[in-house]
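Heads up, the sequence shown is in the numbering used here, so the first residue is 2 and it goes up one at a time. Every residue, glycine too, gets a C-beta built ideally from N, C-alpha and C. Scroll down for the structure; my scribbles are underneath it.
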Amino acid sequence: MLFTEIIRKKRDGGELSPGEIAYFVDGLADGSIPAEQVSALAMAVFLNSMSAEEASQLTLAMAASGTVLEWQDEGLDGPVVDKHSTGGVGDKVSFLLAPIAAACGCYVPMISGRGLGHTGGTADKVESIPGYNAAPNFELFKKVVKSTGCAIIGQTADLAPADRRLYAIRDVTETVASVPLITASILSKKIAAGLQALVMDVKVGSGAFMSDVEKAEELANSIIATAAKANLDTHALVTDMNECLGHTAGNALEIAEAIDFLKNNQRESRLDEVVMALCAEMLIVSGLESDRDAALSRVDEAVTSGKAAEVFSRMVYELGGPADLSENYKNHLPAASLSKAVYPAVSGYVTSVNAFTMGNAIIELGGGRRTMGDELDLSVGLTDVAPIGASVDRERPLAVIKAASDDAAQLAAAMIREAYKISDSPPAKRPVIYETLVAD
Ligand code: URA
2 MLFTEIIRKK
12 RDGGELSPGE
22 IAYFVDGLAD
32 GSIPAEQVSA
42 LAMAVFLNSM
52 SAEEASQLTL
62 AMAASGTVLE
72 WQDEGLDGPV
82 VDKHSTGGVG
92 DKVSFLLAPI
102 AAACGCYVPM
112 ISGRGLGHTG
122 GTADKVESIP
132 GYNAAPNFEL
142 FKKVVKSTGC
152 AIIGQTADLA
162 PADRRLYAIR
172 DVTETVASVP
182 LITASILSKK
192 IAAGLQALVM
202 DVKVGSGAFM
212 SDVEKAEELA
222 NSIIATAAKA
232 NLDTHALVTD
242 MNECLGHTAG
252 NALEIAEAID
262 FLKNNQRESR
272 LDEVVMALCA
282 EMLIVSGLES
292 DRDAALSRVD
302 EAVTSGKAAE
312 VFSRMVYELG
322 GPADLSENYK
332 NHLPAASLSK
342 AVYPAVSGYV
352 TSVNAFTMGN
362 AIIELGGGRR
372 TMGDELDLSV
382 GLTDVAPIGA
392 SVDRERPLAV
402 IKAASDDAAQ
412 LAAAMIREAY
422 KISDSPPAKR
432 PVIYETLVAD
């Protein structure tokens, strides 16, 4: 088979056969198709999309490109369930949700991705914990899931390796925001993780890959329908990503915010709403609860009782991180040398934020990738991020930049000022969760 013929077919709007998709996925996994040809096909798919049948073939082939985990012989006394987000800015939900769901009786083998485009990645964030093994072998991964109820790791070389390579290429070729490519990327990892059920957090807004609710619904329905073909029961929440989720963005800074949340020190309201809703949905999709209010009070109790914080600490320790991370995170997480508050040019209320520009500011600081092999500075980012509706002035900044150099801080400050729109009157309140979608 000539791969150039496959590129041409998709470039001209044709439908790829299962054999052509299998050839592509084999070449992705074994590296025999070079990056430039993979990029060309990714761009052709981005421009011409794929049918539901092609997306499903791509998903199943990528899931089968490496090891597929099985849990039925592990003697677990609860459902194996996970959540996955389509990506955003300041999205530290995974660090909260995995231990909360585990404290409620779920087993959460969370295989997460690296930063993609302007969005941050859970796999990068978790690496800011010193000693934490984000790429354990399957034996250790299963052991930690079994003993603590959850393990958050990055994508290993043997799990959906075809997605691992395609993901890295999409990240730097502006081919991320494609419904079939996102569907296949997410579900291939989730199917390979051997899940019984999944909750999707489909983000919509200026910091998401889907900029309007219709597009987000299209993605959610594509994921639900494709997952059903693999017997993976999936519910999807469409949630707001028009601003940073929580008050920090940047790898280590988000871990610190997650720890504060789990310790009940600071539960930022939008982040709280998203985490509680997603966790409750995990209990529902996995059959642990049938009533949403009961599910919500169970997840809230997991936080207020401190059980979720205990699970998080045990997970970190069993994966090689410090035993006292939760108590002493300031001693363990990397910290940037420079701190610079960015004040608005005029006083007023924040009426909108361009979260895409905020994500790009973090890349400029060194906290995200420009090209495939880039090393990240895990310490940099933003704290005290002013939410939409906040009153800002010469005393209350838009955000505080944590940077490694003055030049990077200046550039990020200009981008943040550009991202914020300020007005004399406060904006109308917007929903944080737009809707919940389940299979028909
Ligand atoms: N998350 C993934 O794992 N893949 C995508 O393509 C987008 C978000």
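Proximal residues to residue i (C-beta, below 8 Å), its chain only, five neighbours per side dropped
i    : result
A309 : L97, P100, I101, A103, A104, L263 and A303
E21  : M2, I7 and K10
N329 : P323
M242 : G89, V90, D92, K204, V205, G206, S207, G208, A209 and A356
R418 : V343, P345, A346 and L399
Spatial neighbours of residue i in its chain, beta-carbon cut-off 6 Å, leaving aside the 5 residues before and after
i    : result
C280 : L98, I101, A102 and V300
Q115 : Checking the sequence shown, residue 115 turns out to be Arg, not Gln. Same-chain partners within the cutoff: G122, A124 and D125.
P323 : H333
A410 : L339, K341, I402 and A404
R12  : A45
I187 : H85
E269 : G247 and H248
D394 : S348
M51  : P181
Beta-bridge pairing of residue i - partner residues as DSSP gives them
i    : result
V351 : I423
D273 : Bridge partners of D273: none, in fact.
H119 : The partner list for H119 (beta bridge, DSSP) is empty, contrary to what the question assumes.
D234 : A198
M2   : In the DSSP output, where bridge partners are listed per residue, M2 has none listed.
I434 : T240
G382 : K403
S189 : The partner list for S189 (beta bridge, DSSP) is empty, contrary to what the question assumes.
Other residues of its chain near residue i: CB distance less than 7 Å, five sequence neighbours each side excluded
i    : result
S86  : D92, V94, D202 and K204
P427 : Y350 and G390
E436 : V239
E274 : V433 and I434
L412 : E365
Q267 : D261
T174 : S40, A43 and M44
A135 : A124, V127, E128, I154 and G155
Q407 : The question names Gln, but residue 407 in the sequence shown is Asp. So the list reads L339, once near-sequence residues are dropped.
L320 : Y133, N134, P137, V145 and A152
P19  : Q58
A253 : S129, L334, P335, L379 and S380
Heavy atom of ligand 1 within 7 Å of residue i beta-carbon
i    : result
K341 : no
L246 : no
T227 : no
Y168 : yes
K144 : no
K216 : no
K190 : yes
V177 : yes
I183 : yes
I112 : no
T384 : no
T5   : no
I187 : yes
G88  : yes
L117 : yes
Original post:
Can we say the region 139-148 touches the region 164-173, given the rule of at least three CB pairs closer than 8 Å?
Top reply: With a cut-off of 8 Å, the region 164-173 and the region 139-148 do not count as touching, because too few Cβ pairs lie within range.
Subject >> the region 246-260 in contact with the region 72-80 per 3-pair CB rule at 8 Å >> reply: Because the criterion of three Cβ pairs below 8 Å is not met, the region 246-260 and the region 72-80 do not touch.
Original post:
Are the region 175-194 and the region 210-220 touching by the rule of at least three beta carbon pairs closer than 8 Å?
Top reply: They touch, by the three-pair rule.
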